[in-house]
Amino acid sequence: MSLLELENVSKIYGELHALDNVSMKVDNGEWVAIMGPSGSGKSTMMNIIGCMDKPTSGRVILDGADIAHESQNSLTAIRRDKIGLIFQQFHLVNYLTAVENVMVSQYYHSVPDEREALEALDRVGLADRARHLPSQLSGGEQQRVCIARALINYPEIVLADEPTGNLDEANENIVLDIFQQLHRDGTTLIVVTHDPEVGEVAQRTVTLEYGKIIRDAQNANFIK
Amino acid sequence: MFFRMIRGAFLLQKKKMLMIALTIALGASLATAMLNVMMDVGDKVNQELKTYGANITVVPKSASVINNLYEMEGGGSGEGSYLLEEELGKIKTIFWAFNIVDFAPFIDTEVTLPDGSAATMVGTWFNHHMDLPTGETLDTGIQNLRTWWDIRAGAWLDEQNAAQGADACMVGEVLAGREGLSAGDRLKVSTRFGTRELTVVGVFDAGGDEDEQIFAPMEVVQSLSNLDGYLTSIEVSALTTPDNDLAKKAAKQGPQSLSISDYETWYCTAYVSSICFQIQEVITDSVASPVRQVADSEGAIMEKTELLMELITILSLIGSALGITNLVTASVMERSAEIGLMKAVGATNGRISALVLTEVLITGIIGTAIGYLAGFGFAQIIGHTVFASSIEMKPMVIPIVVVLVVAVTLAGSIPAIRMLLRLRPAEVLHGR
C-alpha cells in the first residue's frame, strides 16, 4: 500500500484551477521530485500534501486515512506527527539559536530534548554552530538547521519546498547529499523544485503544468 | 522551551514591548490615581463639607413627634422632653464612632435683659473637652460646627480658658446692636429661676436667627432653666457614605424591614441612616434624623465626584485597550512568518495564543508596576493640588488595578488573537 495517494485532487481559486484532477501515489521510502514552471501548481500540491491546505475536491490518503476533509486541528496534529517541512526561505525563528530552532519542533511535538536536537544538528554537520543565531549562519547552514528541524520528530514524509532555491552550488550539493543519505535511511522525500539538477537526483520526477501532471517517470540516472 | 521563546520574543521586540508596557502603565497609573483618590476623596470631600455644619440632629422622642406633626425642621423641643447630658459621651462609642467628627448639645431658654426685653439664650458647648470612656479625649462644640460664623468683635468663647470662667457668653450681631453690647461688656440676664451676669467675649454674625440670640456655656443656661443635666437637642457632624437603595429602603421602611444580611451590611456601612440608628441606640428616648439638605448635598457631591473619577478611569483604560490592540496586532503581523512556522510544525492555536498572551501579560505586569508607582505620584499631586493633603494609598487598589489591567490587556489583545487564529501557515510560508 502507498504511503501517500492523491485521487482526483483539484484545488480551485475562483476561476483558477491550481490543481486539476491530479492523481498520484508515493510509496514508503520513495524520493519524488515535483517539478514544473511557476504557476504550475507545485506549491499548491505541497500545501495539500503538507496538510496546510485542503483540496476543493478529491481524496488525499496519507498512511491509509483520507485527510482531505479533516478539521484544521486534525490537520495540525497530522502535520506534527507525520510530516517534516523544509522551506526555501528556511523560516527559522530569528531570536532562537540553531539548536533551539530544532527544539521548537520537538516542543510542539512532544518534549524538547537538547541532546537529541544537538545530534540532529550533528547529522547535518552543524554541531559546532548549534549555539549560533540564524543571523550568524550562512544560507546553507540555515537550510541545514531547517532540515534538522524537519527530521527531529522522525516524520513519515519529508516535504521540501525549493530547498536549494536560495543556496549556492556548494551548499546545494551539501543539501542534496543529506537528502541522499535520508533516502538511504528509508525516509520518504517529496521535493518541490524547478531546478532540473535537483530533479535529476531524485528517484522519480513528477512534472506539473497548468495544474495537471504531464509527466510521471522514474529517473534512469538515479543512484541509490 | 516556552520561556526561552518568551525571552527571545522580548529581546527581539524590545521597543514594541516597551511601548506596550508604557501604554499599560499609562492606563494603570490613571486607574491607580483615580481609584486611590476616589477611595480617599470620600473622607476629604466629607471633611470639606463639614464646613456646612451638622448633618444629624438628635431630639427627644416627644419633640420629634411634634416636629413631625407641624413639619418643623431641625431641633426644637416639646416642653418636658429632654435628653440627658451624661449620655453625650456615648455618641463616641457607637460602631461608627470614628466617623463622628463633632457634636454639640443645645438647651435654650427665654431670658429677660436689663431693658426688660426678652431674648433667646442658647446653652451649648463651644470647645468642650471630653475624656471618653474609651480613654480617648475629644474637643468638640459649635466652634467646629459653626465655621461660617463671622466674629465681629472679641473672639470665640473658650471653655478651656479658666480666666474666662463660666460667666461668659457670645452675642449675635443684631442683638448686640440693639442692646449696645460689645466685647468685654457685662450683660445681666434673668429668668424666674435666677439671674446671671455674664461677660460678652464675642459678637458674631451668623447670617440668620442666631444673630438675635445669646450663646453661653451649657451650665449657665441649665441653671437659668433649672434643668441641670438636661438638654433639648444635639447636633452631630458625621462622615457618611452616600445613600444607595439599601440605605433608602432602611430609611423609608425602617431597619426591621431588612433581611439579616442586608441589615448587617446596612449597619456596618456609614450611611447617615445607620449612624442615626446607632445614636438612637445609645441616647435614651431620642430620635436622630439626618439634616436632609446637608446629607443629600454631601451625597450628591460625593456621587458626582466619584462618577467623574470612574469615568476618567474607564476612559483611560479604554485608551489603553486601544493602544494595546494596535501594538499587539502590529506585533502579531510582524511575526506572522514565525507564527506560521510554529503552526506548520504542529503548534495548536491554543499554544500559540498562550505564548502571545503570556508575553503581553508579562509586559502588562511590568507596565502595571510602573503605572502603580506613577499613579501613586499622580494621586499625591491631585491630593495636594485639590485637597492640600496627601492621598492615602489603599492596599485594596492593587488587586483592583491588577484585575482591570489584566482585563484591559486581554480585551486589547482579542483582535490580535483573532488574527493569529485565522492565520494559515500556507499563506505566510508559501505565499498562498
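Which chain is which? The protein sequence lines are A and B, in order. Position one of the first sequence corresponds to residue -3 (my numbering), numbered consecutively onward. Position one of the second sequence corresponds to residue 876 (my numbering), numbered consecutively onward. For every residue, glycine included, the Cβ atom is placed at its ideal position computed from N, Cα and C.
Residues in the same chain with beta-carbon distance under 7 Å from residue i, minus the five sequence neighbours each way, listed in chain order, please.
i	result
S952 (chain B)	Reliability fails at S952 (chain B), whose pLDDT of 44 lies under 50, so the model's placement of it is uncertain and the value that follows must be treated cautiously. V934, P935, A938, T1107, S1108, listed in sequence order.
F1152 (chain B)	P1130
T984 (chain B)	M996, T1066, V1096, L1099, S1100
G135 (chain A)	N162, L163, N167
V976 (chain B)	K925, S1112, A1113, L1114
L1192 (chain B)	G902, A906, L1279, V1283
G1077 (chain B)	I1026, A1028, G1029, A1030, W1031, L1032, M1045, A1058
By Cβ distance below 8 Å, which residues in the same chain neighbour residue i in space, the five residues on each side in sequence not counted?
i	result
A1347 (chain B)	The requested residue 1347 (chain B) is not part of the displayed model; chain B covers only 876 to 1307.
H179 (chain A)	G25, W27, L185, Q199, K220
L1050 (chain B)	A994, L1056, D1086, E1087, Q1088, I1089
I63 (chain A)	C47, V56, I57, S70, L71, I74
E110 (chain A)	V95, M99
H1004 (chain B)	T1012, L1013, D1014, E1034, Q1035
V1276 (chain B)	A903, A906, T907, L910, T1243, G1246, Y1247, G1250
L1232 (chain B)	L1285, S1288, I1292
Identify, in the order they occur along the chain, each residue of the same chain with its Cβ nearer than 6 Å to the Cβ of residue i, setting aside the five sequence neighbours on each side.
i	result
K208 (chain A)	D16
M99 (chain A)	P108, A113
G1116 (chain B)	Checking the sequence shown, residue 1116 (chain B) turns out to be Thr, not Gly. Counting only Cβ-Cβ distances below 6 Å, and skipping sequence neighbours, we find T1144, A1145, Y1146.
D157 (chain A)	M42, F83, Q84, V188
S106 (chain A)	none
L12 (chain A)	none
A1254 (chain B)	A908, N911, V912, I1266
S36 (chain A)	L204, E205
Within 8 Å (strictly less), CB to CB, does residue i reach chain A?
i	result
M876 (chain B)	yes
D1293 (chain B)	It should be pointed out that residue 1293 (chain B) corresponds to Arg in this sequence rather than to Asp. Not closer than 8 Å to any Cβ of chain A, the Cβ of R1293 (chain B) fails to qualify, so no.
R1297 (chain B)	no
A896 (chain B)	no
M1271 (chain B)	no
T1188 (chain B)	no
T1223 (chain B)	yes
L1304 (chain B)	yes
L1248 (chain B)	no
L887 (chain B)	yes
L1216 (chain B)	yes
L1114 (chain B)	no
Quick one: what does DSSP say residue i is sitting in, helix, strand or coil?
i	result
F1001 (chain B)	coil
V22 (chain A)	strand
Q199 (chain A)	coil
R1071 (chain B)	strand
K50 (chain A)	coil
Y1146 (chain B)	strand
G955 (chain B)	Here the model assigns G955 (chain B) a pLDDT of 48, short of 50, so the residue's position is not dependable and the matter cannot be decided.
D1006 (chain B)	strand
S34 (chain A)	coil
E1213 (chain B)	helix
H87 (chain A)	coil
N930 (chain B)	coil
P1165 (chain B)	strand
D1014 (chain B)	strand
I1199 (chain B)	helix
Give the interface partners of residue i over in chain B, defined as CB-CB distance under 9 Å, in chain order.
i	result
S70 (chain A)	Going along chain B, no residue has its Cβ under 9 Å from S70 (chain A), so there is no contact; the nearest lies around 11 Å.
Please list, in chain order, the chain B residues whose beta carbon lies closer than 7 Å to that of residue i.
i	result
P108 (chain A)	M876
E96 (chain A)	R879
What residues are listed by DSSP as bridge partners for residue i?
i	result
A994 (chain B)	B:V986
K889 (chain B)	Note: K889 (chain B) sits in no beta bridge, so no partner.
F1090 (chain B)	B:V997, B:M1045
W27 (chain A)	A:L185
Y1028 (chain B)	In the sequence as displayed, the identity of residue 1028 (chain B) is Ala instead of Tyr. In the DSSP output, where bridge partners are listed per residue, A1028 (chain B) has B:V1078.
R211 (chain A)	A:T203
K78 (chain A)	None, per the DSSP bridge assignment.
L58 (chain A)	A:L0, A:A61
Could you tell me which chain A residues have their CB closer than 8 Å to the CB of residue i, listed as they occur along the chain?
i	result
V1220 (chain B)	R75, R76, L81, V100, S101, Y104, H105, R145
Just checking: is the beta-carbon of residue i within a distance shorter than 8 Å of some beta-carbon in chain B?
i	result
Y91 (chain A)	yes
N43 (chain A)	yes
M48 (chain A)	yes
E11 (chain A)	no
Residue i versus chain A: which residues are under 7 Å apart at the beta carbon?
i	result
E1213 (chain B)	V89
D1268 (chain B)	According to the sequence as given, residue 1268 (chain B) is Met; it is not Asp. Chain A residues near M1268 (chain B): none, gap ~38 Å exceeds 7 Å.
T884 (chain B)	Before going further, note that residue 884 (chain B) is Ala rather than Thr in the sequence given. Ordered by position in chain A, the residues that pass the 7 Å Cβ test against A884 (chain B) are Y91.
M892 (chain B)	Those do not exist, as M892 (chain B) stays about 12 Å from chain A at its closest Cβ, beyond 7 Å.
A1301 (chain B)	N43, M48, D49
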